[in-house]
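Position in the sequence shown (first residue = 1) + 234 = this note's numbering. A short write-up of the structure that comes next.
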Amino acid sequence: MMYHIVYQSTAVEPFNSEPMQAMLEHSRRKNRRIGITGLLLYSNGNILQILEGEEPIVHELYKLIQHDVRHTNVITLADGPISQRMFSDWSMGFQDIADQDFKHILSCVEARQLPPTSRVEVDEPLLNLIKSFVEDEQPRL
Ligand SMILES: Cc1cc2nc3c(=O)[nH]c(=O)nc-3n(C[C@H](O)[C@H](O)[C@H](O)COP(=O)(O)O)c2cc1C
């Protein structure tokens, strides 16, 4: 079953630093190998990442990511089955975006939060909004 997880977190180091660039390269290679696609938006220390793939593989990777010391405050926003991949062209799209764009995306995400878990139904229009920030700017698979 296709599955996705969306989370936000806070980077410990800026993304243009050498360790983060190395992490990005490593992640892209590994994602290609294990069939994960998705994207990572970054703005001023804030991270929003979407991971999609087969359910057990997404969960296993997310466990590693949650414990990665290169970021903190990992908050799961969405976690559930999807009918198809939205980011099949990207092993991990990446875009450093403006603060106000990041805030806009987060407020759209938060507007869809459902009590009591605060999980979000990240639907296609929202994914398309997020995608529009990366489209045509990134190297593909
Ligand atoms: C913000 C952030 C995003 C990450 N995204 C991915 C990812 O998409 N794919 C991945 O394989 N690792 C990702 N990682 C790295 C993982 O936490 C972990 O270090 C890596 O998967 C281990 O790879 P290995 O199994 O080759 O040792 C990310 C780490 C951070 C801090």
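Built from N, CA and C at the ideal position, the CB exists for glycine as well.
Neighbourhood of residue i by C-beta, 8 Å cutoff - its chain only, sequence neighbours within 5 removed
| i | result |
| --- | --- |
| residue 332 | 277 |
| residue 335 | 277, 367 |
Boundaries of the beta strand (DSSP E) in which residue i is found, first to last residue
| i | result |
| --- | --- |
| residue 251 | Run containing residue 251: none; DSSP gives neither H nor E here. |
| residue 242 | 236-245 |
| residue 277 | 271-277 |
Residues near residue i in its chain [Cβ-Cβ closer than 6 Å; skip 5 each side]
| i | result |
| --- | --- |
| residue 374 | Residue confidence is low: residue 374 scores 49 on pLDDT, short of 50, so the model does not pin down where it sits. Its coordinate-derived value is still stated next. Excluding sequence neighbours, residue 374 sits near 323. |
| residue 313 | 239 |
| residue 310 | 241 |
Distance cut-off 8 Å: residue i Cβ against heavy atoms of ligand 1
| i | result |
| --- | --- |
| residue 302 | yes |
| residue 265 | yes |
| residue 340 | no |
| residue 387 | This structure cannot settle anything about residue 387, because the visible part of the chain is limited to 235 through 375. |
| residue 293 | no |
| residue 320 | no |
Alpha-carbon to alpha-carbon, residue j and residue i
| i | j | result |
| --- | --- | --- |
| residue 355 | residue 251 | 33 Å |
| residue 267 | residue 259 | 13 Å |
| residue 319 | residue 272 | 9 Å |
| residue 255 | residue 281 | 14 Å |
| residue 264 | residue 291 | 12 Å |
| residue 285 | residue 342 | 19 Å |
| residue 357 | residue 261 | 25 Å |
| residue 315 | residue 237 | 4 Å |
The alpha helix (DSSP H) enclosing residue i, as first and last residue numbers
| i | result |
| --- | --- |
| residue 299 | 289-300 |
| residue 194 | Outside the shown range of the chain, which is 235 to 375, sits residue 194, and nothing can be said about it. |
Residues near residue i in its chain [Cβ-Cβ closer than 7 Å; skip 5 each side]
| i | result |
| --- | --- |
| residue 249 | 276, 330 |
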